[in-house]
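Residue numbers (this note's numbering): 203 to 554.
Worksheet: the structure to be examined is printed underneath.
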């Protein structure tokens with residue numbers, strides 16, 4: 203396991219269990235180490251830092267899933283998709299979305315038939331108007347090809363046969379998106395993220411004696427990548443995971459996080475940065491309540507770059523070398539939790 207780097211900022215950056223995808227192969231890894239300091243319940247920190255004179259373009263590709271999904275393996279570290287879920291069987295265009303299902307069914311890997319039931323390629327598919335739904339042994343995914351709405355569910359009670367132990371993998375349900383165009387961060391005036399969603403299910407099957415907050419939680423996360431795309435740079439192709447922790451079962455206000463990706467044998471080794479959740483959530487995300495986020499990420503991306511360099515990552519990189527690249531969003535379930543959400547709005551805007 204790679205050594206986790208701690209760092210001192212102008213204010214304390216505090217540590218949590220998070221994870222993200224590998225941009226070389228889009229596999230998903232994370233860290234379980236570190237601890238949070240006490241978080242304030244004050245959520246008045248959201249400040250609109252968007253410039254007025256900006257022209258914005260929505261850059262998430264195939265926003266209504268017309269071309270379906272490539273599906274990645276249940277085995278972490280395998281970059282090549284293993285199949286395709288189509289929303290139109292007559293479509294021949296390669297999907298612009300991927301589904302990450304790392305470690306799903308891992309508890310049953312010795313039983314081939316049962317293990318295969320955790321592969322979303324083998325899910326039961328149904329269609330209701332323009333809404334497609336796939337359900338396998340632990341996961342549910344719904345997408346509407348007219349409205350672009352998304353439903354996601356991951357059942358930890360179907361995944362775990364015991365409370366997860368340190369260094370064990372954990373199940374993921376992630377949607378990996380692509381973006382339209384190439385965007386240098388230095389050319390952008392804004393990078394605005396917009397999402398409206400509701401957490402519709404959250405249950406914890408662990409007892410108080412089994413629960414370990416350093417190991418066990420359910421998270422709903424969003425990530426994009428800040429990559430060095432200057433071929434003349436010594437840091438060419440190195441990157442930062444920039445994330446928003448939209449929900450963490452342990453906290454209402456989720457503290458800031460900055461660390462190296464680690465925690466499992468397979469990990470990206472890249473720097474991960476998340477601002478405190480009160481920076482982008484006016485109120486905490488709660489079960490059964492609509493959460494609306496409309497936030498310019500660009501100032502926090504500058505914070506992420508500064509913090510990464512303070513921690514000795516990307517030390518040969520200039521701000522002008524960094525480009526905005528695709529990422530993922532969805533569930534990371536490191537404990538025996540069941541979690542579900544409905545997403546009605548999802549946009550990422552590049553402002554020039």
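Beta carbons are placed, not taken as given, at the ideal position from N, Cα and C, and that holds for glycine.
Note that the structure is predicted; figures quoted are calculated from it, not measured.
Between the Cα of residue 500 and those of 513, 374 and 482, spot the shortest distance and give me the residue it belongs to.
The closest CA to that of residue 500, considering only 513, 374 and 482, is found on 482.
Which same chain residues end up closer than 7 Å to residue 391 when comparing Cβ atoms and leaving out the 5 residues on each side of it in sequence?
253, 256, 553 and 554
Considering only DSSP beta bridges, list what residue 273 is partnered with.
285 and 301
Under 7 Å Cβ to Cβ from residue 503, same chain only, skipping five residues before and after it: list those, please.
387, 393, 428 and 444
Whole angstroms are fine: how far does the CA of residue 408 sit from the CA of residue 280?
Each residue's Cα considered, the two are about 31 Å apart.
Between the C-alpha atoms of residue 320 and residue 433, what's the straight-line distance to the nearest angstrom?
41 Å
With a threshold of 8 Å on Cβ separation, who are the neighbours of residue 276 within its own chain once the five nearest residues in sequence on each side are excluded?
Sequence-distant partners of residue 276 (beyond 5 residues in either direction) whose C-beta falls short of 8 Å from its own C-beta, in its chain, are 303, 304, 305, 306, 307, 308, 317, 320 and 321.
Would you report the Cα separation of residue 332 and residue 266, rounded to the nearest angstrom?
10 Å
Restricting to Cα atoms, I'd like to know which of 458, 382, 248 and 539 is closest to residue 550.
382
According to DSSP, is residue 495 part of a helix, a strand, or is it coil?
strand
Measure the C-alpha to C-alpha separation of residue 158 and residue 527 and round it to an integer number of angstroms.
Nothing about residue 158 can be read from this structure; the chain reaches only from 203 to 554.
The alpha helix (DSSP H) that contains residue 534, what's its start and end?
Where residue 534 is concerned, there is no enclosing alpha helix (DSSP H), although the beta strand (DSSP E) it sits in stretches over 524-535.
Which ranges does the alpha helix (DSSP H) cover as unbroken runs of at least 4 residues, wholly within the segment 357-389, from first to last along the chain?
358-361
So, for residue 515: in the same chain, excluding its five sequence neighbours on each side, which residues have a beta-carbon less than 6 Å away from its beta-carbon?
473
Assigned secondary structure, residue 413 (DSSP; H/G/I helix, E/B strand, else coil)
coil
First and last residue of the uninterrupted alpha helix (DSSP H) at residue 314:
314-318
Near residue 510, which residues of its chain fall below 6 Å by C-beta distance, leaving aside the five closest residues on each side in sequence?
So the qualifying residues of the chain are 442, 473 and 516.
Distance between beta carbons of residue 538 and residue 365, contact taken as under 8 Å
Yes, they are in contact, since the Cβ atoms of residue 365 and residue 538 sit about 6 Å apart, within 8 Å.
Heavy atom of the ligand SAH within 7 Å of residue 457 beta-carbon:
In the structure on display, the ligand SAH does not appear, and there are no ligands present to speak of.
Whole angstroms are fine: how far does the CA of residue 438 sit from the CA of residue 477?
25 Å
From 406, 529 and 399, residue whose alpha carbon lies closest to that of residue 485:
399
Could you give the residue range of the alpha helix (DSSP H) that holds residue 507?
500-512
Three-state secondary structure (DSSP) at residue 308?
helix
Please report the straight-line C-alpha distance between residue 462 and residue 335, rounded to a whole angstrom.
If you take the alpha carbons of residue 462 and residue 335, they lie about 36 Å apart.
Residue 559 (DSSP reduced to helix, strand or coil):
What the structure shows of the chain is the stretch from 203 to 554, and residue 559 is not part of that stretch, so it cannot be assessed.
For residue 406, I'd like the list of residues in its chain whose CB is within less than 6 Å of its CB, leaving aside the five on either flank, ordered along the chain.
539
Does DSSP classify residue 323 as helix, strand or coil?
Three-state DSSP puts residue 323 in a helix.
CA nearest to the CA of residue 355, picked from 396, 402, 446 and 453
402
Rounded to the nearest angstrom, how far is the Cβ of residue 548 from that of residue 261, given a contact under 8 Å?
Not a contact, Cβ separation roughly 12 Å.
Can you grab the Cα-Cα spacing for the pair residue 541 / residue 346, in whole Å?
20 Å
Residue burial classification, residue 295 (beta-carbon count within 10 angstroms, cutoff 16)
When all chains shown are included, residue 295 counts as exposed.
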